[in-house]
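Contents: one structure, followed by commentary.
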Amino acid sequence: MENFRDFQVGPDPFGRTWHALFKYLQTGISIRHADSVDVCFVIEGEADEARAQKIVVLSHPEIREFGKRTGRVITDTWCSRMAACKLRQVIENGEDMDKDYLTVTPREVEDYDAAIRKWEAEWIRTHAA
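Numbering (the working numbering), first residue to last: 1168 to 1296.
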């Protein structure tokens, strides 16, 4: 299972690899008056030539509905993994790199959860006694 706290991403469209570090997770209501879960990462380019902060935004009503519909328990770890998936997509595609806030769409919630479930199943398969 991928470590969402400290990981490499890339290459981006320019061939660069980025180092991503989890900074924090908090509700958006506390800082932006938004009904969201905000997950912040600091990303650094190779040789520290670039450094940026990216905040991945998960809509609280959307993830709550997803959890009810699928039975998925919504935890801080799950939200952080969802955010890592979004950050990886943005960097590898080069889309929205100019944005500070990266919003996860309902379709992406579905796709990222499938990837997370795959990581979880693989981890259980390789670590179970």
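Yeah, the Cβ is synthetic: ideal placement off N, Cα and C, and Gly gets one too.
- Distance from the Cα of Q1256 is smallest, within the candidate group I1241, D1243, E1275 and T1242, for E1275.
- The residue from R1292, G1238, F1171 and G1234 with its alpha-carbon nearest to that of I1210 is F1171.
- A contact is defined here as three or more CB-CB pairs under 8 Å, and the stretch 1237-1250 meets this definition with respect to the stretch 1260-1279.
- Assigned with DSSP and collapsed to three states, H1186 falls in strand.
- The alpha-carbon separation between Y1268 and R1292 amounts to approximately 35 Å.
- Under the three-state reduction of DSSP, D1205 is assigned to strand.
- Around the beta carbon of S1197, a 10 Å sphere encloses fewer than 16 other beta carbons of the protein chains shown; the residue is thus reported as exposed.
- Non-local beta-carbon contacts of F1174 in its own chain, meaning distances under 6 Å to residues more than five positions away in sequence, involve A1187 in chain order.
- In this structure, DSSP gives V1223 an extended state, which the three-state scheme calls strand.
- Excluding its 5 nearest sequence neighbours in each direction, Q1193 has C-beta neighbours in its own chain below 7 Å: D1205, listed in chain order.
- F1233 counts as buried, since at least 16 other C-beta atoms from the protein chains shown sit within 10 angstroms of its C-beta.
- Annotation: V1276 is outside any beta strand (DSSP E); the continuous alpha helix (DSSP H) that includes it extends over P1273 to H1294.
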